[in-house]
Amino acid sequence: MIQGTGSDVGKSLIVAGLCRLARKRGIHAAPFKPQNMSNQAAVCPGGGEIGRAQALQAMAAGIEPCTDFNPVLLKPQADRVSQVIVHGHPSGSLGASGFRGYSKTLLPAIKESLERLAREYDLLVVEGAGSPAEVNLRPGDIANMGFATKADVPVCIVGDIDRGGVIAALVGTHAVLGDEDRQQVCGFIVNKFRGDPGLFEDGLSVVRQRTGWHCFGMVRWLESAATLPAEDATSLRSERRHPGGHLRVVAPVLSRIANSDDLDALRLEPEVDFSFVHPGSAIPRDADAIILCGTKSTVSELKFLRSQGWHHDVISHARNGGYVLGICGGFQMLGHNVRDPSGVDGAAAAGAGLGLLDVSTTMVAQKTVRQAQGRCAVSGIPVCGYEIHAGRTAGPQLQNPLLHMDGGPDGARSEDGRIEGTYLHGLLANDRYRREWLKRLGARPDSSIRYATAVDKALDEVADALASDLDVDALLRCARVPRWGAA
């Protein structure tokens, strides 16, 4: 099990790299994350959703995503409330204070998934959540040491040297862990190292002396990681990939932004100058296109959009002939209004939309979670992706859809084609569609870019780096058969 000294230290990436490395070695491996908290989700072939990171790790292992890889997924829909997804399907919502007591009731689902996977695979690479050093959360924990001790799974702790204080983070984690939890730790990894590794040998010695833990190595800073989908919104990078790009595309970072990896393929296009717009900043007036991503709570997001003044920016951009693309919740926000009478995405509420498309949306309890394929209504180009939404959208503009999917028309377009909305996640990852979309916006796409190939290549590079930087054999020797209830 890969745990970390904190969030965003690289746990997901190391698990993905180990899964790809296992595949290269002919080991039938799978990822496992008992509990994840993220609005970045993926859809499994048989239905059901899991964390995006686990879908990427499954890809690294060369297997299809499965709900067992992430049996419990928490999707934040308000500051203190999350939707609980169990084995891929909604199981109600809970406040942060209520989750501690409820979490123990989720252990049977985690145990069920673990046992199924243990029967099918030779190796499971488990990812923790947050940090085991948050010992105030230890009672009722099912994501870190609570799981590791329950299943008797050995733990490797990852520290991030790039953020500074990695010695204190590792030694401090050792200091606050209880004796039982400390015994589960087989060693540590220092991640995101830049420069000459020999310069940190003294630092490693300090950690070894203070903790008694074995060091499995230091992983270099990996530029290829930027190609891979981020696990959550805290990892969204604000810098532009190609400042000299002909086409400027921006996306506001919404308060409950979901599936922002929909935009990752654009980052690879040299003609596209892409950037996220963070709260507190205005949407640039020189933007050629604005993309509104998905969100876990559309009504609340409309209020947030207005609190930032972004509604004025988007409407002005559209009136001046700019392009706007809304995906999932972003599509819903482009309509006249969004209603949530039953509180599907939090409290019962309603909000006025941006009024750029002649549609309206009502939230319903029945959630659509499916993989989908079809064709672009404009060009006829084949597309594929997935849907995760609880909204039902209606209105005259649906008569001019963006896509014709196998299940019927999807999305809507304005008469001049400059305002578009869709429920299909992953649309811009379709290489032919992305090129055609960029051409319509006046850019020259790079015909050599294959997004799926680029992701696969990045996973290979991560695996090769781990093979070079870590004592992988020693790490794998620590693995053992899980014994549920051993502790």
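In terms of my numbering, the sequence shown is residues 3 to 489.
C-beta atoms are modelled at their ideal positions from N, C-alpha and C, and glycine is treated no differently.
Other residues of its chain near residue i: CB distance less than 6 Å, five sequence neighbours each side excluded
i	result
G331	G296, T297, T300
R22	A62, L461, A465
G353	V301, L304, V340
D70	S115, R118, L119
L307	H313
R394	T364, V366
D183	M147
G247	E273, V274, D275
W486	K113, A153
Buried or exposed (CB count within 10 angstroms, at least 16 for buried), residue i
i	result
R415	buried
S240	Reliability fails at S240, whose pLDDT of 49 lies under 50, so the model's placement of it is uncertain and the value that follows must be treated cautiously. Result: exposed.
H314	exposed
S84	buried
D164	exposed
V208	exposed
C215	The sequence shown places Trp at residue 215, not Cys. Its Cβ being crowded by 16 or more others within 10 Å, W215 is buried.
G33	The amino acid at residue 33 is misidentified as Gly; the sequence shows Pro. Counting Cβ neighbours within 10 Å, P33 comes out buried, since at least 16 surround it.
S99	exposed
D471	buried
S133	buried
W439	buried
Q368	exposed
A111	buried
K203	For the record, residue 203 in the displayed sequence is Glu; it is not Lys. Looking at its Cβ environment, which holds fewer than 16 other Cβ atoms inside 10 Å, E203 is exposed.
S344	exposed
V483	exposed
R437	buried
N72	buried
R121	exposed
One or two residues paired with residue i in a DSSP bridge
i	result
C217	F190
N38	L75
M365	G393
I339	The question names Ile, but residue 339 in the sequence shown is Asn. Partner(s): A354.
T370	H391
G423	G328, A414
D275	R250
E129	I4
R377	P384, H406
I52	A44
D162	N193
L294	G328
V157	V187
H91	V88
A2	The structure shown does not extend to residue 2, since the chain is modelled only from 3 to 489, so the question has no answer here.
Backbone secondary structure at residue i - three-state DSSP
i	result
C21	helix
T300	helix
R258	coil
L224	coil
G12	coil
A63	helix
Q334	helix
V86	strand
E136	coil
H314	helix
R196	coil
G465	For the sequence presented, residue 465 should be read as Ala rather than Gly. Three-state result, A465: helix.
S105	helix
A320	helix
A171	helix
G97	strand
V474	helix
P33	strand
H176	helix
A120	helix
Contacts around residue i, its chain only, beta-carbon distance under 7 Å, and the 5 residues preceding and following it disregarded
i	result
P199	M220
R242	Residue placement at R242 cannot be trusted, given a pLDDT of 47 that sits under 50; what the coordinates show is reported in the next sentence. These residues qualify, in order along the chain: D275, F276, S277.
A476	F218
D124	I29, H30, A31
D288	R250
A57	A44, P67
I65	A32
G97	R82, V83
Proximal residues to residue i (C-beta, below 8 Å), its chain only, five neighbours per side dropped
i	result
L468	I16, G19, L20, L23, V221, V474
F190	C158, I159, V160, G161, L172, V209, T213, W215, H216, C217, F218
N261	N41, Q42, A43, R54, C295, G296, I329, C330, I390, H427
G311	A284
is_contact[residue i, chain B] using C-beta, thresh 8 Å
i	result
P254	In summary, chain B is missing from the structure at hand, where a single protein chain is found.
Q | Cβ contact (3+ pairs, closer than 8 Å) linking the segment 149 to 160 and the segment 3 to 10 | A | Contact check between the segment 149 to 160 and the segment 3 to 10: three or more CB pairs, one atom from each, fall below 8 Å, which counts as touching.
Q: For the segment 373 to 390 and the segment 347 to 363, state whether three or more C-beta atom pairs, one from each stretch, are separated by less than 8 Å.
A: Judged by Cβ distances under 8 Å, the segment 373 to 390 makes no contact with the segment 347 to 363, as fewer than three pairs qualify.
Q: Inspect the CB distances between the segment 90 to 106 and the segment 115 to 127 and report whether three or more fall short of 8 Å.
A: Short answer: they don't touch.
Q) Is there contact between the segment 384 to 401 and the segment 441 to 448, where contact requires at least three CB pairs shorter than 8 Å? A) With the cut-off at 8 Å, the segment 384 to 401 and the segment 441 to 448 do not touch.
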